[in-house]
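Chains as they are written, first to last, in my numbering: chain A, 5 to 88; chain B, 84 to 314. Below is one structure, written out as structure tokens, with a few remarks after it.
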């Protein structure tokens with residue numbers, strides 16, 4: 005699932021994931037949080053109060069998973085169906 | 084070292100105009116870590132673009148934006164054949180930097196130099212910095228009150244920016260740096276581009292091309308996992 009760089013502009017991803025009960029979020033190691041979930045997670049731009057230019061770079065920290073659909077408001081992410 | 088002595092000491096090995104057309108083969112160039120010489124830049128001296136609108140450009144930058152005109156060169160060409168006489172003029176952009184234009188006298192603007200409404204074209208731009216959010220707001224509200232159409236505020240990670248175009252159609256960005264870059268940004272930048280170069284090289288070797296950012300993000304995750312497992 006996503007790796008999230010521990011900087012101000014991407015921290016809302018971590019905070020949003022903390023509100024999803026199934027998600028496990030590691031403390032940052034070498035600057036990266038790791039978000040893991042046994043099932044699909046849906047991230048919503050409004051929840052994260054994220055500007056579009058940052059939203060569309062949401063997974064720049066790395067993504068071991070599949071993006072089901074990426075639109076202006078939400079992005080569901082599912083676990084990887086194939087190895088990295 | 085006086086600047087004049089630069090010319091006297093210069094090697095002639097790269098003299099001539101080959102540098103105008105030579106294709107650089109990057110893979111054959113020596114690396115900086117081979118000779119250990121550290122080259123550094125210290126900000127912008129000037130940016131330069133051609134203009135075919137002399138009066139409008141001067142009035143826009145000097146009189147509407149209010150940037151002082153600080154230097155003008157006027158010359159009969161560069162001493163080269165087929166080079167138009169020209170004016171080269173510079174507006175103060177702060178911290179010693181200037182925004183410069185060339186006006187080539189008696190020439191028509193070739194069609195390929197007419198600005199296009201496409202991101203390939205607007206990718207070529209300079210972002211001029213302001214020190215505070217108040218100053219960024221002052222630029223937006225003041226320019227709008229002077230009749231210039233200014234974009235909404237746009238936040239992209241470490242920058243908050245506004246955009247407008249000059250009379251030539253050139254895009255100008257005014258940017259506020261929201262935070263300093265840190266060590267983790269530097270490491271992250273390296274990993275993202277390493278991921279992109281790896282997947283592009285691999286796809287090219289198979290006769291294909293990189294088609295999406297998801298492929299880069301997947302490789303990035305692999306590189307991050309490798310980095311974390313090596314701790």
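Virtual Cβ for every residue (Gly too), placed ideally from N, Cα, C.
**Asked** First and last residue of the alpha helix (DSSP H) that includes residue 91 of chain B?
**Response** 87-92
**Request:** Pick out whichever of A:73, A:65 and A:31 has its Cα sitting closest to the Cα of residue 46 of chain A.
**Result:** A:73
**Request:** Please state whether DSSP places residue 130 of chain B in a helix, a strand or coil.
**Result:** In the structure shown, residue 130 of chain B falls within a strand segment according to DSSP collapsed to helix, strand and coil.
**Item:** Sufficient close CB pairs (3 or more, under 8 angstroms) joining the segment 230-243 of chain B to the segment 278-289 of chain B
**Value:** no
**Prompt:** Would you call the segment 29-47 of chain A and the segment 265-273 of chain B in contact, with 3 or more CB pairs under 8 angstroms?
**Reply:** As far as the Cβ criterion goes, the segment 29-47 of chain A touches the segment 265-273 of chain B, which means the pair count is three or higher.
**Prompt:** Do residue 173 of chain B and residue 154 of chain B come within 8 angstroms of each other at the CB atom, strictly closer than that value?
**Reply:** yes
**Item:** Residue ranges of each beta strand (DSSP E) within the segment 123-208 of chain B, 3 or longer
**Value:** 129-134, 152-158, 169-175 and 181-187
**Item:** As assigned by DSSP and simplified to three states, the class of residue 213 of chain B
**Value:** strand
**Prompt:** Going by the CB atoms, is the gap between residue 40 of chain A and residue 62 of chain A shorter than 8 angstroms?
**Reply:** no
**Residue-level contact to chain B via CB, residue 10 of chain A, 8 angstroms cutoff** = yes
**Asked** Residue range of the alpha helix (DSSP H) that residue 274 of chain B falls in?
**Response** 266-288
**Message:** Contact criterion: CB-CB distance below 8 angstroms. Does residue 64 of chain A meet it with respect to chain B?
**Reply:** Judged by the 8 angstroms Cβ criterion, residue 64 of chain A is in contact with chain B.
**Prompt:** Apart from the five residues just before and just after residue 307 of chain B, which ones in its own chain have a Cβ nearer than 6 angstroms to its Cβ?
**Reply:** none
**Message:** On the criterion of 16 or more Cβ atoms from any shown chain inside 10 Å, does residue 6 of chain A qualify as buried, or is it exposed?
**Reply:** buried
**Request:** Would you mind stating whether residue 77 of chain A and residue 48 of chain A have Cβ atoms separated by less than 8 angstroms?
**Result:** Taking 8 angstroms as the Cβ cut-off, residue 77 of chain A and residue 48 of chain A qualify as a contacting pair.
**Simplified DSSP assignment, three categories, for residue 66 of chain B** = Given that chain B is displayed from residue 84 to residue 314, the structure contains no residue 66 of chain B and the question cannot be resolved.
**Message:** So the candidates are B:312, B:298 and B:313; which of them puts its Cα closest to the Cα of residue 86 of chain A?
**Reply:** B:298
**Request:** Using DSSP bridges, identify the partner residues of residue 258 of chain B.
**Result:** Its beta-bridge partners are B:212 and B:244.
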